[in-house]
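A.B. asks: So the protein sequences, as listed, match chains A and B.
This note's numbering numbers the first residue of the first sequence as 183 and each following residue consecutively.
This note's numbering numbers the first residue of the second sequence as 183 and each following residue consecutively.
2 protein chains.
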Amino acid sequence: MSHTPGVRQAQKQKTRQALLDAALGLLEEQSLSSLGLREVTRAVGVAPTAFYRHFRSTDDLGVALVEEALGSLHPMIRTTMSPAEDDDERIARAVELIAGHVAAHPAHVRFIARERHGGVQPVRRAIREQLARFAEEVKAELATDASAAGWSDADLRMLAGLYVDQMLITASYFLETLDAPEEERRRAVGTARRQLRLISVGRRHWLD
Amino acid sequence: MSHTPGVRQAQKQKTRQALLDAALGLLEEQSLSSLGLREVTRAVGVAPTAFYRHFRSTDDLGVALVEEALGSLHPMIRTTMSPAEDDDERIARAVELIAGHVAAHPAHVRFIARERHGGVQPVRRAIREQLARFAEEVKAELATDASAAGWSDADLRMLAGLYVDQMLITASYFLETLDAPEEERRRAVGTARRQLRLISVGRRHWLD
DNA sequence: AATTCCGGAGAACAGTTGTTAACTGCATGG
DNA sequence: CCATGCAGTTAACAACTGTTCTCCGGAATT
């Protein structure tokens with residue numbers, strides 16, 4: 183509301199971000215449901231009670247991490263789906279985009295893959311809602327495509343969901359092969375392209 | 183090795199199973215990495231120290247749960263893939279089979295979905311290995327199919343992986359809708375069939 | 001019938017956890 | 001320039017954790 187002049191609020195959000203970062207780091211080797219509040223504050227170098235100034239609980243922090251991890255993905259959607267010149271080229275570009283995102287934000291990808299079916303209900307719901315929004319956007323984008331003429335609403339929804347799930351599967355597969363021999367990483371890219379291509383083929387002949 | 187004389191070993195495996203069952207129950211609301219040894223023994227009604235007679239740690243118990251949850255799935259593979267009379271009918275049967283399994287063993291499905299990307303590395307590896315075996319079996323089954331003529335090895339591997347991942351996605355989606363209004367459950371079944379059908383279509387026209 | 005084996009119980013340990021309360025110092029708004 | 005607000009601190013709490021050692025009773029072996 184107020185015009186937030188800021189030295190005060192700036193410092194607050196600085197430690198808030200430090201807590202988020204530290205938590206994300208700790209979550210590379212455990213799940214959110216085992217993440218302790220003290221563990222996080224200790225990693226940041228701040229008193230345990232300071233945690234409460236920013237989050238009600240670690241579950242709450244988890245929900246905030248969902249926003250951070252998935253919020254930045256929305257712009258990527260349009261980029262991935264947009265111009266369709268050559269079909270194989272669009273696929274190659276999409277896979278490259280995913281690979282780049284995984285390399286740039288591995289901890290975020292790991293967090294989403296891990297907590298999507300994880301043990302903390304509010305976090306699961308937050309992820310599910312964000313992914314549903316993704317699916318909506320993808321569906322809207324698909325509907326504008328010329329090749330979608332004659333597709334039912336349920337068909338479009340199905341395809342959008344398939345793309346979103348496939349994106350996540352591919353991302354977490356790339357994550358696993360992040361520090362693997364390059365040959366395996368190449369194979370992963372190849373498999374991802376092939377799978378998207380098969381979906382593409384199925385899409386072209388859907389109305390036969 | 184020995185000829186298993188019995189009353190002794192029987193009781194031992196009985197409490198071992200009780201520990202596995204109790205753990206599986208507790209894991210419906212948390213992740214393995216936050217599951218405490220004492221928590222499990224308390225649920226069974228035995229002393230904490232008794233746990234060590236059966237498992238080195240809760241991680242160890244997790245690996246055992248992977249065997250229990252996925253071991254019984256191997257027979258299902260052949261049933262799903264086998265006779266191909268009508269294509270849509272095979273899909274309907276496969277989806278029905280998945281739905282039945284989810285309804286019969288929801289906790290097992292939840293455990294696999296949760297810990298596949300979970301915070302315990304040995305458990306992740308155990309799941310990955312079992313799923314790789316599944317993919318191998320599916321691939322072998324696909325290779326016998328007449329429509330697989332001309333498919334490269336990489337193509338077959340890709341398709342097998344797609345099927346396995348799709349099976350898991352569908353299962354965990356069914357799990358979410360287990361106690362949802364029937365209308366939503368119908369929609370879930372419809373979406374699952376549609377997605378499999380699209381893969382089927384893509385498969386038929388793969389070599390165009 | 002005597003002896004070994006072993007699943008489980010019991011007690012104790014040092015260390016950790018989330019949460020409360022009352023505090024301190026400093027940027028903020030009057 | 002002074003009073004308020006508020007991010008962060010310190011101290012303490014009861015409850016819990018994994019692990020070790022010692023012991024017990026009954027099945028298994030001989």
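The C-beta atom is built at its ideal place from N, Cα and C for all residues, glycine as well.
Under the rule that 16 or more other beta-carbon atoms within 10 Å means buried, what is ASP335/A, buried or exposed?
C.D. replies: Counted from its first residue, the first sequence places residue 335/A at position 153. So ASP335/A ends up on the exposed side.
A.B. asks: If we define contact as Cβ-Cβ less than 8 Å, is LEU324/A a contact residue for chain B?
C.D. replies: Stepping through the first sequence from its first residue, residue 324/A is reached at position 142. So, not an interface residue.
A.B. asks: In chain order, what residues of the same chain lie with their CB nearer than 8 Å to the CB of VAL222/A, ignoring the 5 residues before and after it?
C.D. replies: In the first sequence, the residue the question calls residue 222/A occupies position 40. Taken in chain order, the residues that qualify are LEU201, ALA204, ALA205, LEU208, PHE233, THR240, LEU243.
A.B. asks: Roughly how many angstroms separate the alpha carbons of ALA322/B and ARG260/B, rounded to a whole number?
C.D. replies: Position 140 of the second sequence, counting from 1, holds the residue named residue 322/B. Position 78 of the second sequence, counting from 1, holds the residue named residue 260/B. When rounded, the distance between both Cα atoms is 10 Å.
A.B. asks: By DSSP, does SER329/B sit in helix, in strand, or in coil?
C.D. replies: As a working note, residue 329/B is residue 147 in the second sequence. Three-state result, SER329/B: helix.
A.B. asks: Which residues, taken in chain order from the region 287-312 of chain B, show a beta carbon closer than 7 Å to some beta carbon of chain A?
C.D. replies: Residues ALA295, ARG296, HIS299, GLY300, GLY301.
A.B. asks: Measure from the C-beta of ILE280/B to each C-beta in chain A and report whether the shortest distance is under 8 Å.
C.D. replies: Counted from its first residue, the second sequence places residue 280/B at position 98. No, its Cβ sits nowhere closer than 8 Å to a Cβ of chain A.
A.B. asks: Where do the ends of the alpha helix (DSSP H) carrying PRO230/B lie?
C.D. replies: Working through the second sequence from its first residue, we reach residue 230/B at position 48. Where PRO230/B is concerned, there is no enclosing alpha helix (DSSP H), given that its DSSP letter is neither H nor E.
A.B. asks: Can you round the beta-carbon distance between GLU211/A and ALA289/A to whole angstroms, since I take them to be within the 8 Å contact cut?
C.D. replies: Taking the first sequence and counting its residues from 1, one reaches residue 211/A at position 29. Taking the first sequence and counting its residues from 1, one reaches residue 289/A at position 107. Wrong, their Cβ atoms sit about 11 Å apart, outside the cutoff.
A.B. asks: Quick one: does SER254/A have its CB under 8 Å from some CB of chain B?
C.D. replies: Position 72 of the first sequence holds residue 254/A. It does not; no Cβ of chain B falls within 8 Å.
A.B. asks: Comparing C-alpha positions only, which one of ARG315/B, PRO363/B, GLN195/B sits nearest to VAL346/B?
C.D. replies: Taking the second sequence and counting its residues from 1, the one referred to as residue 346/B is at position 164. Nearest of ARG315/B, PRO363/B, GLN195/B to VAL346/B, Cα basis: ARG315/B.
A.B. asks: What distance in whole Å lies between the Cβ atoms of PHE293/A and LEU360/A, which are believed to be in contact at a cut-off of 8 Å?
C.D. replies: Counted from its first residue, the first sequence places residue 360/A at position 178. Counted from its first residue, the first sequence places residue 293/A at position 111. Not a contact, Cβ separation roughly 15 Å.
A.B. asks: Could you please give the first and the last residue of the uninterrupted alpha helix (DSSP H) stretch that includes LEU243/B?
C.D. replies: The sequence position of residue 243/B within the second sequence is 61, counting from 1. Counting along the chain, the alpha helix (DSSP H) containing LEU243/B begins and ends at 240-253.
A.B. asks: Taking the Cβ atom as the reference point for each residue, do ARG296/A and HIS299/B lie within a distance shorter than 8 Å?
C.D. replies: For the purposes of this step, residue 296/A is taken as residue 114 along the first sequence, with counting starting at 1. For the purposes of this step, residue 299/B is taken as residue 117 along the second sequence, with counting starting at 1. Yes, the Cβ-Cβ distance between ARG296/A and HIS299/B is below 8 Å.
A.B. asks: So, is VAL305/B buried or exposed, given that buried needs 16 or more other C-beta atoms within 10 angstroms?
C.D. replies: Your numbering for residue 305/B matches position 123 in the second sequence. Classification of VAL305/B: buried, given that the 10 Å Cβ count is 16 or more.
A.B. asks: Do GLY218/A and SER213/B have their C-beta atoms within less than 8 Å of each other?
C.D. replies: Here residue 218/A is taken as the residue at index 36 of the first sequence, counted from 1. Here residue 213/B is taken as the residue at index 31 of the second sequence, counted from 1. The answer is no: Cβ separation not under 8 Å.
A.B. asks: Determine contact between the region 188-197 of chain B and the region 375-386 of chain A, defined as no fewer than three beta-carbon pairs at a distance below 8 Å.
C.D. replies: no
A.B. asks: Tell me the DSSP secondary structure of THR359/B in three-state form.
C.D. replies: Residue numbering aside, residue 359/B sits at position 177 when the second sequence is read from its first letter. In the displayed model, THR359/B falls within coil according to three-state DSSP, outside both helix and strand.
A.B. asks: Since I believe VAL383/A is in contact with HIS387/B (beta carbons under 8 Å), could you give me their beta-carbon distance rounded to a whole number of angstroms?
C.D. replies: On the second sequence, residue 387/B is found 205 positions in, with the first residue counted as 1. On the first sequence, residue 383/A is found 201 positions in, with the first residue counted as 1. Confirmed, about 5 Å.
A.B. asks: Alpha carbon to alpha carbon, how far is PHE356/B from ALA331/B? Give it in angstroms, no decimals.
C.D. replies: Within the second sequence, residue 331/B is the residue found at index 149, counting from 1. Within the second sequence, residue 356/B is the residue found at index 174, counting from 1. Those two C-alpha atoms are separated by around 34 Å.
A.B. asks: If you follow the alpha helix (DSSP H) that GLN377/B is part of, which residue opens it and which one closes it?
C.D. replies: Taking the first residue of the second sequence as 1, we reach residue 377/B at position 195. Start and end: 364-386.
A.B. asks: Please decide whether SER329/B counts as near chain A, where near means a Cβ-Cβ distance under 8 Å.
C.D. replies: Looking up residue 329/B in the second sequence gives position 147. Not closer than 8 Å to any Cβ of chain A, the Cβ of SER329/B fails to qualify, so no.
A.B. asks: Which ranges does the alpha helix (DSSP H) cover as unbroken runs of at least 4 residues, wholly within the region 268-337 of chain B, from first to last along the chain?
C.D. replies: 269-286, 288-297, 303-326
A.B. asks: How would you call LEU389/A, buried or exposed, if buried means at least 16 neighbouring beta carbons within 10 angstroms?
C.D. replies: Taking the first sequence and counting its residues from 1, the one referred to as residue 389/A is at position 207. Classification of LEU389/A: exposed, given that the 10 Å Cβ count is below 16.
A.B. asks: Can you give me the C-alpha to C-alpha distance between PHE237/B and GLU267/A, rounded to a whole angstrom?
C.D. replies: Along the second sequence, one-based indexing puts residue 237/B at 55. Along the first sequence, one-based indexing puts residue 267/A at 85. Cα to Cα, the separation comes out at about 58 Å.
A.B. asks: Could you pull out every residue in the same chain whose Cβ sits closer than 6 Å to the Cβ of GLN312/B, ignoring the five residues on either side in sequence?
C.D. replies: On the second sequence, position 130 is the one that residue 312/B refers to. Excluding positions up to five away in sequence, the list reads LEU252.
A.B. asks: So, at 7 Å on beta carbons, what are the nonlocal neighbours of ALA281/B in its own chain, with the 5 sequence-adjacent residues on each side left out?
C.D. replies: For the purposes of this step, residue 281/B is identified with residue 99 of the second sequence, where counting begins at 1. These residues qualify, in order along the chain: PHE356, VAL371.
A.B. asks: Would you identify the three-state DSSP class for GLN212/A, choosing helix, strand or coil?
C.D. replies: Start at 1 with the first residue of the first sequence, and residue 212/A comes out as number 30. Coil.
A.B. asks: Determine, for LEU208/A, whether the minimum Cβ-Cβ distance to residues of chain B falls below 8 Å.
C.D. replies: To locate residue 208/A, count along the first sequence from 1; it is residue 26. So, not an interface residue.
A.B. asks: Enumerate in chain order the residues of its own chain whose CB-to-CB distance from ALA229/B is below 8 Å, with the five nearest sequence positions on each side excluded.
C.D. replies: Here residue 229/B refers to the residue found at position 47 when the second sequence is read from its first residue. Answer for ALA229/B: THR223, listed in chain order.
A.B. asks: Specify the secondary structure class of HIS256/A as computed by DSSP and reduced to three states.
C.D. replies: Reading the first sequence from its first residue, position 74 is the one you call residue 256/A. Three-state result, HIS256/A: helix.
A.B. asks: Counting only C-beta atoms, is SER264/A closer than 8 Å to chain B at any point?
C.D. replies: Here residue 264/A refers to the residue found at position 82 of the first sequence. SER264/A does not count as touching chain B.
A.B. asks: Within 10 Å of its beta-carbon, does SER184/B have 16 or more other beta-carbons around it, so buried, or fewer, so exposed?
C.D. replies: For the purposes of this step, residue 184/B is taken as the residue at position 2 of the second sequence. A caution first: SER184/B carries a pLDDT of 41, below 50, which makes its placement in the model unreliable, though a value can still be read off. SER184/B is exposed by the Cβ-count criterion.
A.B. asks: Between the beta-carbon of LEU350/A and the beta-carbon of LEU338/A, is there less than 8 Å?
C.D. replies: On the first sequence, position 168 is the one that residue 350/A refers to. On the first sequence, position 156 is the one that residue 338/A refers to. No, these two residues do not count as a Cβ contact at 8 Å.
A.B. asks: Just checking: is the beta-carbon of ILE351/A within a distance shorter than 8 Å of some beta-carbon in chain B?
C.D. replies: Along the first sequence, read from residue 1 onward, the residue named residue 351/A stands at position 169. Yes, ILE351/A counts as interfacial toward chain B.
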